[in-house]
Amino acid sequence: MALDVGEITSSVHRGLASGLRGQVVYPGDGGYDAARAVFNGMIDRRPLAVIRPVDASDVVRCIEFARRHVLPISVRGGGHSVAGHAVRDGAIMLDLSGMKAVQVDLEKRTVRAEPGLMLGEFDRATQAFGLATTLGVVSVTGIAGLTLGGGLGWLNGRYGLACDNLRSADVVTADGQMLTASTQENEDLFWGIRGGGDNFGVVTSFEYQLHPVDLVLAGALSYPLSMAPPVLRFYDDFVKAAPDELSTAVSLAVTRTGEPTVSIVVCYCGPIDEGEQVLNPLRTIQSPVVDGIQPMPYTALQGARDEGFPSGRLQYWKSGWLRNLTDGAIEILMQFVPQMPSFASGVGLQQMHGVASRIAPSATAFRHRAEQYDFLILSQWSDATDSDRDIEWTDALFEAMQPHLEESVYVNNLGDEGPGRVKAAYGQNYPRLAALKKTLDPDNLFRANQNIDTSRI
Ligand SMILES: Cc1cc2nc3c(=O)[nH]c(=O)nc-3n(C[C@H](O)[C@H](O)[C@H](O)COP(=O)(O)OP(=O)(O)OC[C@H]3O[C@@H](n4cnc5c(N)ncnc54)[C@H](O)[C@@H]3O)c2cc1C
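Residue numbers (my numbering): -5 to 451.
What follows is the structure in structure tokens.
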């Protein structure tokens, strides 16, 4: 039975909240605006109610309620999807951010983690035991959406993506069932949530493989943008031949005082003396203005960029996979970066390398397995009157880069760019994802996401 907006508050309250352990926030309640806010300040959506489950049984109850009353659902992990899929107008918003339990199993070197954890919270808990697994590179991002879409970070060369380190997950599906997905149980679902994750249910618990991670040799080499051509050409050859222990990224930006710069950021995850030797050619071939590479705790590296990504700024991102830093691609960057309209913006190239690049494209729903870069234009600004200016610059750079980019895109960086781009994200894995969606969520209850369209089987 469908409810109209007027009935929802009392109905949720009677039929749902009475049996829930978690909190419910309604429009008009004091905390409503804070509860519906997500990382991207462009997103201003009004859910019917925000429900904060404390455990899987609360999640089951919410899903049954939404299904019974034909109400759309959105699911919030860390709230960092730039498309703002954690919140939807007129939906029941399941805000999992209170579910933060994390339990390390030292014997098995695994961790069970709930979906409300941010990367920094997860890393702190595992690094207490000298262990870590691949997550992203900004510690205030949520583990849930990141892992379900792939999860590219500083340990990808040595240990693969976040989703490659997933051993199992507990998932509440659209019919209210709780399934455990792993290589032994519900294998198809396990395949699908490693890259196509938020289409099939609500993950209430992740189990990851951990690895010993001590100090890492990490930091940035910075140069004026005028040095970008020789620096980036050398970098491109160097990092492709580097051992798996080295994962890297490039960042192009304009400082607050107006100087365009290029930085190479590295993380060597292995013995520090070996890392010094490996990195020596990169550090000496050109003279950087700043060489900040030094041994540091992994958590220090993970938190180093957080200040650049406060919640609430207006965000507009465009991305695609880039195989090679060719002269043509570098020329475009040289042309556009000095015109970057906001000091808070940047262009990033996050390297996929080593273990992450060698896994078969069909082994998980995440298919982009190659030595390559996730090319990302991260435009962010604070004043809404600047929006046209920043969006125009972003679109123009993205357009200019088209001849150099693959047709595919990493789903976790997508905005609302239409079904064609979602299809481009999954490519040859799309039909299998669509078949799985048809089986597990035939009514498309989970559609506040990069949606798998079952008519495309
Ligand atoms: C500052 C910043 C830095 C980033 N850095 C990286 C990086 O280094 N590497 C990288 O790979 N990506 C990176 N990303 C992209 C990131 O992976 C995505 O934004 C991801 O969606 C964030 O997950 P979340 O849980 O915070 O987001 P949310 O917005 O909460 O969720 C994203 C999607 O997942 C769904 N979802 C969330 N939790 C669950 C759940 N438990 N069960 C089912 N569905 C769920 C949501 O409904 C939504 O569709 C970055 C993003 C930002 C904003």
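The C-beta atom is built at its ideal place from N, Cα and C for all residues, glycine as well.
- At a Cβ-Cβ threshold of 8 Å, residue 276 and residue 204 do not count as neighbours.
- Within the same chain, and ignoring the five residues on either side of residue 209 in sequence, the residues whose Cβ sits closer than 8 Å to its Cβ are 266, 289, 290, 291, 292.
- The Cβ atoms of residue 117 and residue 345 do not sit closer than 8 Å to each other.
- When only Cα atoms are considered, residue 261 and residue 10 end up about 47 Å apart.
- Spatial neighbours of residue 307 in its own chain (CB-CB distance under 6 Å, excluding positions within 5 residues in sequence) are listed in chain order as 35, 374, 376.
- At a Cβ-Cβ threshold of 8 Å, residue 152 and residue 13 do not count as neighbours.
- Between the region 326 to 341 and the region 384 to 392, the count of C-beta pairs closer than 8 Å reaches three or more; the two stretches touch.
- If you draw a straight line from the Cα of residue 206 to the Cα of residue 186, it comes to about 28 Å.
- When secondary structure is reduced to three states using DSSP, residue 174 falls in the strand class.
- With contacts defined as CB atoms closer than 8 Å, residue 316 and residue 342 fail to qualify as a contacting pair.
- For residue 185, there is no enclosing beta strand (DSSP E); the enclosing alpha helix (DSSP H) covers residues 181 to 187.
- Under the rule that a run must span 4 or more residues, the alpha helix (DSSP H) segments found entirely inside the region 13 to 79 read 26 to 30, 50 to 62.
- Of all C-beta pairs linking the region 193 to 203 to the region 46 to 66, three or more are shorter than 8 Å, placing the two stretches in contact.
- Apart from the 5 residues on each side of it in sequence, residue 17 sits with its Cβ closer than 6 Å to the Cβ of 46 in its chain, given in chain order.
- Residue range 348 to 352 is occupied by the alpha helix (DSSP H) that includes residue 352.
- According to DSSP, residue 241 shares a beta bridge with 261.
- Annotation: residue 207 is outside any beta strand (DSSP E) and is labelled neither H nor E by DSSP.
- For the options 217, 32, 340, the alpha carbon positioned closest to that of residue 90 is the one of 32.
- Within the DSSP secondary-structure output, residue 363 pairs in no beta bridge.
- It is roughly 8 Å from the alpha-carbon of residue 241 to the alpha-carbon of residue 147.
- Secondary structure of residue 203 (DSSP, three-state): strand.
- If you ignore the 5 residues before and after residue 312, its C-beta comes within less than 6 Å of the C-beta of 371, 388, 392, all in its own chain and listed in chain order.
- Within 7 Å of the C-beta of residue 191 there is at least one heavy atom belonging to ligand 1.
- Taking 8 Å as the cut-off, the beta carbon of residue 74 is found closer than this to the beta carbon of residue 139.
- With a beta-carbon spacing of about 5 Å, residue 166 and residue 195 fall inside the 8 Å limit used to define contacts.
- The beta carbon of residue 72 lies closer than 6 Å to those of 112, 135, 136 in the same chain, with the five residues before and after it left out.
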